[in-house]
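Residue numbers (this note's numbering): 10 to 532.
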């Protein structure tokens with residue numbers, strides 16, 4: 010309270026409102042800080058984590074779809090699957106990748122940036138691998154064993170089949186005997202086992218089933234046996250048959266290592282280059298890519314969940330803070346309102362309306378307006394107003410006594426700055442001086458004067474002028490009285506018969522008696 014005493018009421022009101030504004034500002038500031046933190050977390054969820062997870066999953070789905078389109082092209086060879094794969098790469102792989110690049114500018118975890126760099130490298134490899142598979146899938150180079158079969162083995166088999174058929178046709182034109190029939194049987198067996206062998210090796214090259222290879226080996230062994238039987242009877246062949254047999258033998262000699270090579274190529278893991286590249290190159294890269302994308306998406310989802318939990322915690326914390334701040338604000342506002350209003354009320358001392366009514370009555374000259382305050386001890390303006398009215402009443406009382414001619418009133422100024430008290434004191438002194446002079450004049454003493462305060466002191470000037478005029482009139486009156494008295498006394502002294510000496514003596518006596526007066530009244 011002592012700290013507020015030297016502060017003016019205006020400053021106290023400003024202080025009170027400033028405290029309220031400060032409390033509100035603190036509350037708003039804390040709210041802004043908490044809300045800003047929540048907004049930042051929400052921004053990370055909605056603008057960073059969620060888009061990152063969505064684009065990662067979109068890219069993952071796009072990678073799987075490109076593999077599906079590539080496999081469809083490998084199986085069916087329809088051009089629409091090539092176009093579909095290109096569109097998927099553009100819309101569901103490259104587009105999300107560009108979005109991830111933009112989002113990575115706001116990532117705060119270095120490992121995520123490193124994951125994105127690895128994803129970019131893996132995507133580049135995967136795209137090249139898929140392109141290589143697409144280019145080779147529907148070409149003969151995709152299956153080297155089949156390419157060798159169709160490009161070389163088929164032509165050799167045709168030569169062998171045509172020549173053995175020609176030999177059989179020529180043999181049918183020969184005369185029939187047991188030896189010729191046996192030779193014809195050999196030719197028929199060679200042609201039959203050749204055709205079946207070619208069918209099984211082709212089936213094995215396409216399917217890779219071991220039973221086809223086993224059948225080919227059994228049939229080829231029979232073909233080898235019957236060919237050797239036919240070769241042992243080569244002397245029975247006609248020149249035309251011999252010529253055809255030579256071509257057949259040459260082609261068969263070339264076919265035999267070729268069949269071995271085809272079987273070996275088919276047994277290799279890369280017998281189907283597209284499938285092999287798909288399994289050995291594309292699949293591992295895809296697995297790594299899927300793992301990286303899933304890790305990135307999972308981590309972003311985990312961060313979103315963490316930030317969501319933080320936002321919930323922050324909201325609950327903000328609600329508690331709001332309640333605490335509300336309680337503190339109510340207490341502080343109530344305390345400062347009570348503290349400042351109490352101090353202001355002590356300074357005012359009463360109701361402002363009552364003080365205004367009292368001052369209006371005072372301005373109108375009514376000092377009898379009663380005070381309505383029930384306080385046992387008035388304070389502040391209200392007490393000062395009471396003191397002022399009491400002082401004014403005392404002054405009015407003294408003024409009434411002065412008005413009734415009682416100049417014995419003792420008016421003592423209450424301080425050096427008591428202008429009204431000083432004025433009444435000086436007026437009382439002045440009236441006392443005037444009374445004293447007036448009493449002296451009544452007693453015939455015209456020698457006293459009033460000390461005039463200036464040309465505006467009309468009463469003082471008038472009294473001094475009156476005193477001078479009374480002195481003049483009195484002097485003239487005294488002269489006239491002397492002449493009359495002296496002449497009468499001289500006449501009395503000169504009556505009768507007197508000697509010159511006694512007459513002279515009487516005249517001198519009269520002259521001596523009146524001489525001082527004469528001298529006194531001479532100007």
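Ideal Cβ placement from N, Cα and C applies to all residues, glycine included.
Please confirm whether residue i and residue j have their CB atoms less than 9 Å apart.
| i | j | result |
| --- | --- | --- |
| residue 80 | residue 330 | no |
| residue 371 | residue 397 | yes |
| residue 234 | residue 135 | no |
| residue 28 | residue 432 | no |
| residue 205 | residue 162 | no |
| residue 334 | residue 97 | no |
| residue 232 | residue 202 | yes |
| residue 287 | residue 66 | no |
| residue 236 | residue 211 | no |
| residue 537 | residue 316 | Outside the modelled stretch of the chain, which goes from 10 to 532, sits residue 537, for which no answer is possible. |
| residue 112 | residue 60 | yes |
| residue 86 | residue 147 | yes |
| residue 68 | residue 101 | yes |
| residue 340 | residue 46 | no |
Roughly how many whole angstroms lie between the Cα atoms of residue i and residue j?
| i | j | result |
| --- | --- | --- |
| residue 128 | residue 75 | 16 Å |
| residue 530 | residue 482 | In this prediction, residue 530 has a pLDDT of 44, which is less than 50 and means its spatial position is unreliable; what the coordinates show is noted afterwards. Straight-line Cα distance between these residues: approximately 12 Å. |
| residue 470 | residue 459 | 8 Å |
| residue 178 | residue 93 | 55 Å |
| residue 159 | residue 300 | 42 Å |
| residue 214 | residue 230 | 19 Å |
| residue 20 | residue 390 | 17 Å |
| residue 285 | residue 141 | 12 Å |
| residue 319 | residue 55 | 14 Å |
| residue 294 | residue 57 | 27 Å |
| residue 289 | residue 118 | 33 Å |
| residue 379 | residue 364 | 11 Å |
| residue 190 | residue 209 | 28 Å |
| residue 221 | residue 156 | 18 Å |
| residue 223 | residue 243 | 30 Å |
| residue 403 | residue 477 | 39 Å |
| residue 33 | residue 349 | 18 Å |
| residue 306 | residue 99 | 20 Å |
| residue 344 | residue 393 | 28 Å |
| residue 198 | residue 296 | 53 Å |
| residue 421 | residue 444 | 20 Å |
| residue 241 | residue 193 | 13 Å |
| residue 228 | residue 304 | 56 Å |
| residue 449 | residue 407 | 26 Å |
| residue 479 | residue 441 | 21 Å |
| residue 399 | residue 405 | 10 Å |
| residue 266 | residue 273 | 10 Å |
| residue 104 | residue 302 | 15 Å |
| residue 78 | residue 298 | 18 Å |
| residue 144 | residue 269 | 28 Å |
| residue 373 | residue 367 | 10 Å |
| residue 11 | residue 26 | For residue 11, the predicted model reports a pLDDT of 48, less than 50, meaning its position is unreliable; a value from the coordinates is still stated below. Using only the alpha carbons, I get a separation of about 20 Å. |
| residue 527 | residue 518 | The predicted position of residue 527 is uncertain, since its pLDDT is 46 and thus under 50; no value can be drawn from it. |
| residue 377 | residue 424 | 25 Å |
| residue 180 | residue 219 | 37 Å |
| residue 48 | residue 121 | 23 Å |
| residue 412 | residue 501 | 56 Å |
| residue 239 | residue 226 | 19 Å |
| residue 1 | residue 474 | No information on residue 1 is available, as it lies outside the stretch 10 to 532 that the chain covers here. |
| residue 451 | residue 472 | 13 Å |
| residue 252 | residue 137 | 54 Å |
| residue 116 | residue 312 | 11 Å |
| residue 454 | residue 446 | 9 Å |
Assuming residue i and residue j form a contact by the criterion Cβ under 8 Å, report the distance between their Cβ atoms to the nearest whole angstrom.
| i | j | result |
| --- | --- | --- |
| residue 245 | residue 188 | 7 Å |
| residue 196 | residue 176 | 5 Å |
| residue 64 | residue 24 | Incorrect: roughly 57 Å between the Cβ atoms, too far for contact. |
| residue 36 | residue 338 | 6 Å |
| residue 90 | residue 165 | The pair is not a contact, with the Cβ atoms about 35 Å apart (cut-off 8 Å). |
| residue 62 | residue 309 | 4 Å |
| residue 184 | residue 275 | No, residue 184 and residue 275 are not in contact; Cβ-Cβ is about 46 Å, not under 8 Å. |
Run through the region 120 to 157 for me and flag every whole alpha helix (DSSP H) of 4 or more residues, listed as ranges in chain order.
153 to 157
How do the region 273 to 289 and the region 133 to 152 stand: do at least 3 beta-carbon pairs fall below 8 Å, yes or no?
yes
In chain order, what are the residue ranges of uninterrupted alpha helix (DSSP H) at least 4 long that sit wholly in the region 199 to 251?
219 to 241
Check whether the region 116 to 133 touches the region 239 to 259, counting contact only when three or more Cβ pairs, one atom from each stretch, lie closer than 8 Å.
no
Between the region 116 to 127 and the region 252 to 269, do three or more beta carbon pairs fall short of 8 Å?
no
Could you check whether the region 311 to 328 touches the region 66 to 74, counting it as contact only if at least three pairs of C-beta atoms, one from each stretch, sit closer than 8 Å?
no
Of all the alpha helix (DSSP H) runs that stay within the bounds of the region 276 to 363, which reach a length of 4 or more residues?
282 to 286 and 292 to 357
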